[in-house]
Amino acid sequence: MKPLTTSFRTKAAETMVDEQVLQSLEHVYTGFFKGRLEAAGNTDNWEELRDKGKAIKDHTIAHLDYYLGQLADNVEKNGGSVFFAADAAEARKYVLDLAHARNIKTVIKSKSMVSEEMALAQALIDDGIEAVETDLGEYIIQLSDETPYHLIAPAVHKSRKEVAELLDDNYVEGDPVPDATELTMMAREKLRGVFERADMSVTGVNFAVAESGSITLVTNEGNGRMSTTVPRVHVAVMGMEKIIPSIQDLSTMLRILIRSATGQRISSYVTMVNGPRKSDEEEGPEEFHLVIMDNGRQKLLADDQMRESLNCIRCGACLNACPVYRKVGGHAYGWVYPGPIGAIVTPVLTGLKDAANLPAASSLCGACHDACPVKINMPRMLLELRYRTAEGKTDKDERTSTTRERTVWKAWRIGMMGRKRFDIGARLSRLFLRPMARNGWLKKAPPPISGWTSTRDFPLVSSSSLKARLNKRSKKAKS
Amino acid sequence: MPENTPDSPRPERVTLFASCMVDQLATAVGESTVDVLEHLGIEVKFLDDQTCCGQPAFNSGFRSEALPVAKRFIELFEQVSGPIVVPSGSCAAMVRNYYADLFRVDEQMVMRANRVGERLYELSEFISRFFGTDAITGKLTDTATYHKCCHLLREIGVDEEPLEILSNVEGLQMTPLERADVCCGFGGAFSVKMPDISSAILNEKLDNIEANGSNIVIAADTGCVYQMQGGLRRRGSSVQVVHIAEVLAESIRNSNRAVNSE
Amino acid sequence: MTDRAKFIANVTSALGRTEVIAPPRDESTAAFDDVETARAVADRALADAASNAVELTDRMAEAASTIGWKVHRVSNPEDAADIVSNICDQKGATSVLRSTHDVLDEINVDAAVTSSGATLGVTEHSGDNNETKITESKSAAFSADIGITGADYAIAETGTIVLHPRSGLSRLVSLAPPTHIAVLRPTEIIDSLDELFAHERNDHMSGNLAGSMNLISGPSKTADIEGTTVTGIHGPLEVHLIILEND
């Protein structure tokens with residue numbers, strides 16, 4: 000998917016005046032966020048589980064080369080094929096070539112963010128192959144030709160009316176809008192036939208188990224199960240970081256993933272696949288292909304400060320907790336991954352210079368870190384990226400700060416390096432601002448703080464410093 | 000976090016770190032902090048040379064500007080011993096949690112920073128830890144609600160203590176704020192760099208404040224106080240946003256007045 | 000250099016090394032537990048399950064009910080059969096598909112189904128691997144009104160039925176029909192996901208890992224439209240759990 004990170008501010012601004020989308024976005028808080036809190040509250044050893052999950056991922060990422068080899072060996076041992084794709088283009092080419100080689104007419108897709116990086120569905124369609132998204136949310140946005148809005152609820156921004164316009168062949172403007180159940184049943188109907196005739200499926204991978212070559216899918220809808228059952232060829236695409244070492248580790252990882260994503264104790268379905276169907280089964284794919292993709296993750300891995308982001312298990316909890324995401328929406332982030340995790344990985348994977356607004360768009364409230372099932376310290380990494388865009392110390396090219404900004408902070412530093420100048424600076428600014436103030440507040444402040452007063456009153460600097468006042472006090476006390 | 004058994008020994012002397020904002024804008028918060036500490040029997044020292052901990056520049060990514068300011072902070076405060084109290088969760092977090100990252104390869108500075116950081120406390124943290132949350136029994140009659148400032152909550156780990164402290168103020172009717180732990184949108188320079196997003200987040204906070212109906216909103220960080228007060232003023236609201244230090248200081252004055260008039 | 004070798008070499012150098020090294024033992028992951036440990040963990044899980052059967056059954060019934068299974072607890076096979084019959088009647092089922100599971104024979108499910116007037120198909124491997132047979136089998140599943148299975152395990156922590164597709168237990172019988180009935184014996188119930196994956200790991204370590212596994216916890220559902228939960232998007236809309244407590 001082509002990054003559009005430079006449109007962050009415009010897209011954010013559009014969302015912030017769209018009442019309907021803002022209302023839809025409330026669901027991520029009232030539903031998912033609250034759900035996670037409740038589920039965590041009902042889980043006795045929740046903090047232990049988070050710590051364990053973090054430890055498992057830390058260990059795996061620290062030895063990713065070893066576990067990639069072990070995973071590939073075991074997938075092949077199970078009768079599957081493994082393709083290592085350096086980037087999205089290579090991954091896409093592999094899938095397209097395979098589809099043509101196997102005479103595939105219809106591909107069903109189960110939800111996969113990696114396949115969004117590959118822009119796979121459209122590539123198949125452009126190549127004359129029917130490609131249908133089967134996760135209801137993905138199906139809806141495929142119909143509206145949009146990209147996913149959220150990690151696990153891709154169509155969270157859509158109103159029921161918009162969904163009806165897309166799904167209901169009989170819906171006409173002015174009709175009463177069918178309810179969610181009716182619309183869901185329409186989707187069930189439409190996709191049923193597609194499942195039956197599909198000859199290839201592309202799924203994501205929630206966890207790939209290195210010691211057994213197993214891939215695990217976590218779903219609620221059943222399309223993941225359909226995808227690992229009905230077609231002749233099943234292709235699973237994964238980011239190279241989605242590995243865990245042992246089958247036993249799944250009990251920890253599934254508990255923290257699912258509770259963090261939706262607040263459920265477990266999803267309706269958890270599917271584990273160990274290669275193509277066995278000789279004694281009457282249905283199931285004849286072929287299993289695992290595509291392991293890098294697409295820039297190497298950069299995150301090699302980056303001491305950013306490596307932790309590879310621990311992400313794509314649950315969406317950080318999005319649900321983020322006050323910024325809830326106001327700017329998923330499309331503002333301009334690429335596959337929205338929210339706090341997107342603000343961290345997108346710049347490194349697609350270019351920090353163009354994506355500089357992403358780490359800047361945060362109040363550093365830390366709710367994401369709090370929410371993360373594997374305790375990824377996102378605020379720390381946001382600060383690291385801000386350091387790079389401000390000063391470009393490691394890479395001059397990454398610097399996006401303006402001369403004006405740099406001058407302002409230089410002046411700030413000078414002003415803070417001595418008490419006298421600190422006081423003089425404050426008193427001078429009061430002198431300058433006082434004529435514009437009423438009752439100690441400014442309705443309009445000059446740059447660089449003019450942005451504040453567009454929506455808020457700004458306080459006037461005090462007539463004397465605390466130092467002066469306390470000194471006066473102690474003089475008084477002595478006398 | 001400490002329960003109701005305060006750490007001993009109780010400090011008799013602390014050094015006040017005002018924070019740049021309190022020092023030059025919200026001086027009443029600084030004076031109130033001194034009042035509260037003195038009420039607890041503590042002698043408060045103020046280092047005249049103090050300026051800022053460096054957080055604004057650090058958060059904006061300008062670490063080369065933040066670094067000398069932070070170094071100066073450490074050089075100043077390592078000259079005194081004993082607890083340092085600051086009426087700000089975000090400044091406390093900067094020193095305790097982020098100085099190590101800022102000083103990074105300078106192991107010496109990291110060590111010196113840790114030595115200062117381990118005796119630096121945010122005000123309500125300090126009170127509850129060394130004196131107990133029931134240590135202040137002032138009087139202030141009004142309806143109030145409490146906003147949980149993000150850095151105090153998540154970086155310092157102070158959650159319920161301010162509420163417990165406030166529950167001992169006679170006459171103060173506290174009701175819980177809906178989404179009390181959701182950010183007010185301040186975020187330092189973010190409030191000015193991305194004012195539209197900062198304000199969108201603020202609007203939700205203000206809606207919740209107005210729905211709550213209290214006359215006062217209490218918070219423990221000046222930046223948040225100004226963000227919310229500035230927004231409420233712009234809405235024409237009469238709701239007052241006050242720093243917890245100011246509430247406690249006034250409640251103590253009211254009590255003393257009451258005692259004096261008997 | 001192969002794609003794989005090049006790819007992994009890049010990862011190795013990103014990690015600051017020149018060659019792949021075996022990871023040192025780390026207690027956070029079970030990957031370092033050997034065959035004996037894996038077996039011991041699984042055995043312990045089995046023993047625990049056996050000695051806590053009653054409590055596990057109660058917890059299973061509770062958890063399953065919470066997540067949307069319609070739970071029926073019966074103390075004899077005849078009652079179980081009646082429930083199956085009733086469901087077939089309620090659904091007006093004309094075609095029912097079942098897996099091959101001992102417990103289904105125990106409750107004489109065939110008679111229960113046919114007595115309601117529906118036709119019954121049994122999933123079993125025909126021995127042929129050809130396209131036609133597979134298409135027929137798929138078709139049968141997609142057009143069946145009800146799918147009936149036993150369970151390989153059930154998990155009390157989550158209210159889950161575990162199935163390992165194999166000859167006699169197709170993948171679709173519990174997925175394609177709009178109604179799924181699972182018949183469960185208390186001896187199949189284990190405590191939690193820990194025990195399940197202990198069993199799976201033990202199977203793997205002894206070379207017996209199943210080709211695939213499905214954990215089923217309630218009906219199929221989605222909340223993709225306005226955050227409203229709707230059951231029955233691609234999988235069964237209605238799922239019944241019959242617990243046969245007749246020891």
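Protein chains in written order, with numbering that gives the first Met the number 0: chain A, 0 to 478; chain B, 0 to 261; chain C, 0 to 246. Glycine included, C-beta positions come from ideal geometry on N, C-alpha and C. For clarity, every value in this text was computed on a predicted model and none was experimentally measured.
Cβ-Cβ distance between residue i and residue j below 8 angstroms
| i | j | result |
| --- | --- | --- |
| residue 138(B) | residue 250(B) | yes |
| residue 423(A) | residue 381(A) | no |
| residue 166(C) | residue 280(A) | yes |
| residue 347(A) | residue 309(A) | no |
| residue 141(B) | residue 215(B) | yes |
| residue 260(A) | residue 320(A) | no |
| residue 86(B) | residue 122(B) | yes |
| residue 180(A) | residue 229(C) | yes |
| residue 109(A) | residue 222(A) | yes |
| residue 182(A) | residue 162(A) | yes |
Nearest to residue i (by Cα), restricted to the options the options
| i | options | result |
| --- | --- | --- |
| residue 479(A) | 7(C), 27(C) and 237(C) | Absent from the structure is residue 479(A), since the part of chain A shown begins at 0 and ends at 478. |
| residue 186(A) | 132(A), 17(A), 333(A) and 382(A) | 132(A) |
| residue 318(A) | 351(A), 72(A), 202(A) and 31(A) | 31(A) |
| residue 220(B) | 199(B), 201(B) and 151(B) | 151(B) |
| residue 276(A) | 293(A), 230(A) and 315(A) | 230(A) |
| residue 408(A) | 101(B), 135(B), 209(B) and 62(B) | 62(B) |
| residue 25(C) | 222(A), 130(A), 243(A) and 40(A) | 243(A) |
| residue 114(C) | 100(C), 123(C) and 92(C) | 92(C) |
| residue 198(B) | 185(B), 108(B) and 103(B) | 185(B) |
| residue 23(B) | 419(A), 28(A) and 401(A) | 419(A) |
| residue 181(C) | 242(C), 84(C) and 136(C) | 242(C) |
| residue 48(C) | 105(C), 187(C), 133(C) and 36(C) | 187(C) |
| residue 233(C) | 240(C), 239(C) and 220(C) | 220(C) |
| residue 163(B) | 247(B), 72(B) and 235(B) | 247(B) |
| residue 49(A) | 414(A), 375(A) and 117(A) | 375(A) |
Neighbourhood of residue i by C-beta, 6 angstroms cutoff - its chain only, sequence neighbours within 5 removed
| i | result |
| --- | --- |
| residue 154(B) | 92 and 96 |
| residue 426(A) | none |
| residue 429(A) | 460 |
| residue 280(B) | With chain B running from 0 to 261 in the structure shown, residue 280(B) is simply not present. |
| residue 398(A) | 391 |
| residue 38(A) | 258 and 262 |
| residue 146(C) | 96, 172, 173, 176 and 179 |
| residue 130(B) | 5 and 39 |
| residue 82(C) | 71 and 241 |
| residue 341(A) | 332 |
Buried or exposed by the 16-neighbour rule on C-beta atoms within 10 Å, applied to residue i
| i | result |
| --- | --- |
| residue 183(C) | buried |
| residue 14(C) | buried |
| residue 3(B) | Only weak support exists for where residue 3(B) lies, its pLDDT of 47 falling under 50; the coordinates are left without a value. |
| residue 139(C) | buried |
| residue 19(C) | buried |
| residue 88(C) | exposed |
| residue 227(B) | buried |
| residue 110(B) | exposed |
| residue 134(A) | buried |
| residue 228(A) | buried |
| residue 189(B) | buried |
| residue 231(C) | buried |
Cut-off 7 angstroms between Cβ atoms - residues of its own chain near residue i, not counting five sequence neighbours on either side
| i | result |
| --- | --- |
| residue 195(C) | 152, 154, 161 and 189 |
| residue 557(A) | Past the edges of chain A, shown from 0 to 478, lies residue 557(A), and the structure says nothing about it. |
| residue 1(B) | Since pLDDT at residue 1(B) reaches only 39, below the 50 mark, its modelled position is unreliable, and no value is offered. |
| residue 82(B) | 10, 13, 118, 120 and 125 |
| residue 436(A) | 459 |
Same chain, Cβ closer than 8 angstroms to residue i, neighbours up to 5 away in sequence not counted
| i | result |
| --- | --- |
| residue 66(C) | 157, 158, 216 and 217 |
Report task. List in chain order: all unbroken alpha helix (DSSP H) runs of 4+ residues lying wholly within the region 23–57 of chain C. Result -> 34–50
Query raised in the report: What residues in the region 207–231 of chain C have a beta carbon less than 9 angstroms from any beta carbon of chain F?
Result: Looking for chain F here will not work: the only protein chains present are A, B and C.
Query - Length-filtered (3 minimum) beta strand (DSSP E) runs lying within the region 100–136 of chain C - result: 118–121
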